[in-house]
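Protein chains: 2
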Amino acid sequence: MTKPPNPQRRSQKSRDAILTAALELCGEEGYGRMTIEGIAARAGVSKKTIYRWWPSKGAVVLEALHEAADTVAPHPDTGDFAADMRTQMATVIRFLSPPSHAPLTGLVADALRDPELAEQVRERLVRPRIEAFGQRMRRAQEQGQLHPDADLNVALDLFYGPLYHRLVLHLGLPEPAYLDTLIEHVIRALDPGRGGS
Amino acid sequence: MTKPPNPQRRSQKSRDAILTAALELCGEEGYGRMTIEGIAARAGVSKKTIYRWWPSKGAVVLEALHEAADTVAPHPDTGDFAADMRTQMATVIRFLSPPSHAPLTGLVADALRDPELAEQVRERLVRPRIEAFGQRMRRAQEQGQLHPDADLNVALDLFYGPLYHRLVLHLGLPEPAYLDTLIEHVIRALDPGRGGS
DNA sequence: TGTCAACGACACGCCACGTGTCGTCTCCTG
DNA sequence: CAGGAGACGACACGTGGCGTGTCGTTGACA
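Right, here's the structure in full:
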């Protein structure tokens, strides 16, 4: 029906203006109130141009976040795993605050209703982060700061689960002191040395 | 401006029809595609009647879930805390999985963009569940199945965080075997007896 | 039995959606 | 250095759900 456009002829200027406008509007009026028409107006671009390259508002924000994400929330390695996790998770928390205006929050909300967007979010945004976490975790294991048998999935769930749990149930994101408590607990959970059956 | 209606004169029949229609449509066409007009048509009710008693689609679904929720996902007490948590969490997982997941995930998605709805969800749907979990947890502590110093918030985050984390990042909800592993880890995390600083 | 408000019905303006059209301008190609 | 394909901005259009307003009708308290 509608033949796909030719990426080689794409206007880089328009693309950048659209992604920038999307993130700005998200911060100003919130993801929910932002519209495709608003993005087009702000970017000085025709609506048609947006629809030519993205299927939905969520896809635009996803791409904008994807571009920004590489420099955001990296996993530091100072040699102290717990401290590094605290640093990284604090960055994630800042990224999700305030929830009503955070692009990522809006994207997560949209993805709950749009399976195709959900897949894109998982593969382009989430999966690379899991990979980065896995690498940092493995170094911690090599350095004896984390039990060598610790499982990646379990660690991921226990570290980051509380953040998203609190985000989506509106229980308030962790304060620094509480974040420390959480990390302490998780590291203990990952050490089966004691206690077990 | 618009004076609040008199609850005494409210038609119970219309109210029930609206809540029923909302849950039915949610399951049939999904939360996102469901509209207030659709609910009104299905319930044989005027749109005005819905807007008279609820501010939004989310509020309707919230009330419908609130009515259904009391009998759903209680915290059993067989005397085995880990087994009871497995039972209860498996029920929650069923509610967050197809085909029954639509109302709750849709509501969660809406609440991420509507602060007033978010507050209602937290106070009416989430808070009572936290309370129920707290009571079961306290019994486990009294019976020596959980460390007496275990913190309610930490326990809540570690038990349920992984579920919502996996839900919103589309990582797949836990299988039974993995759920067991998680619970094992969490109970260990909540026992500071070993290891500490 | 009377009264008054909630009800169903229906109509309205609004706004964002997603698409279509057209003339312009830019950038590959030959 | 032309020529032409096509991405672009502009603008107009039909659609559909939103939230409100109006108007008889109905049904539940007093």
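Quick note, the sequences are listed as chains A and B, same order. Under this note's numbering, think of the first position of the first sequence as 33, with each following residue one higher. Under this note's numbering, think of the first position of the second sequence as 33, with each following residue one higher. Quick reminder that beta carbons are idealized off the backbone N, C-alpha and C, glycines included. Everything numeric in this text was worked out from a predicted model, so none of it was measured.
For the alpha helix (DSSP H) holding residue i, just list the boundary residues, first then last.
i	result
residue 126 of chain A	113 to 127
residue 155 of chain A	Segment: none, residue 155 of chain A is in no alpha helix (DSSP H) and carries neither H nor E.
residue 220 of chain A	208 to 221
residue 93 of chain A	89 to 101
residue 197 of chain A	184 to 200
residue 136 of chain B	134 to 143
By Cβ distance below 7 Å, which residues in the same chain neighbour residue i in space, the five residues on each side in sequence not counted?
i	result
residue 68 of chain A	79, 82, 89
residue 190 of chain B	218, 221
residue 156 of chain A	94, 98
residue 49 of chain A	75, 76, 77
residue 178 of chain A	113, 169, 172, 219, 222
residue 14 of chain A	No information on residue 14 of chain A is available, as it lies outside the stretch 33 to 229 that chain A covers here.
residue 211 of chain B	118, 121, 122
residue 105 of chain A	120, 123, 124, 127
residue 136 of chain B	97, 127, 128
residue 40 of chain B	none
Quick check: is any heavy atom of the ligand GDP less than 6 Å from the C-beta of residue i?
i	result
residue 152 of chain B	For the structure depicted, the ligand GDP is absent and the ligand set is empty, with no information on it obtainable.
How about residue i: is its C-beta nearer than 7 Å to some C-beta of chain B?
i	result
residue 194 of chain A	yes
residue 19 of chain A	Residue 19 of chain A lies beyond the residue range present for chain A, which begins at 33 and ends at 229; the question has no answer from this structure.
residue 158 of chain A	yes
residue 91 of chain A	no
For a contact meaning CB atoms closer than 7 Å, what does residue i contact in chain B?
i	result
residue 131 of chain A	144
residue 214 of chain A	186, 189
residue 197 of chain A	189, 192, 193, 196, 197
Applying a beta-carbon distance threshold of less than 8 Å, which residues of chain B neighbour residue i?
i	result
residue 12 of chain A	There is simply no residue 12 of chain A to check, as chain A begins at 33 and stops at 229 in what is shown.
residue 217 of chain A	186, 190, 221, 222
Report yes or no: is there a C-beta of chain A within less than 7 Å of the C-beta of residue i?
i	result
residue 201 of chain B	yes
residue 141 of chain B	yes
residue 101 of chain B	no
residue 150 of chain B	yes
Suppose the cutoff is 6 Å on Cβ atoms and the five residues either side in sequence are ignored; what does the same chain contact list for residue i look like?
i	result
residue 194 of chain A	214
residue 228 of chain B	Because residue 228 of chain B sits at a pLDDT of 43, beneath the cut-off of 50, its placement in the model cannot be relied upon, and the following sentence gives the value as read from the coordinates. Contacts found: none.
residue 302 of chain B	Residue 302 of chain B is absent from the structure shown; chain B starts at 33 and stops at 229.
residue 125 of chain B	205
residue 132 of chain A	62
residue 182 of chain B	222
residue 64 of chain A	none
residue 37 of chain B	84
Since residue i meets chain B, which of its residues come closer than 9 Å, beta carbon to beta carbon?
i	result
residue 138 of chain A	144, 145
residue 154 of chain A	201, 202, 203
Which residues in chain A have a C-beta closer than 7 Å to the C-beta of residue i? List them in chain order.
i	result
residue 126 of chain B	Simply none; closest approach about 17 Å.
Who are the Cβ neighbours of residue i in its own chain at under 8 Å, not counting the five residues just before and after it?
i	result
residue 198 of chain B	204, 205, 206
residue 167 of chain A	107
Q: Could you tell me which uninterrupted alpha helix (DSSP H) segments, each at least 4 residues in length, are contained entirely in the stretch 35 to 84 of chain B, listed from first to last along the chain?
A: Runs found: 44 to 61, 68 to 75.
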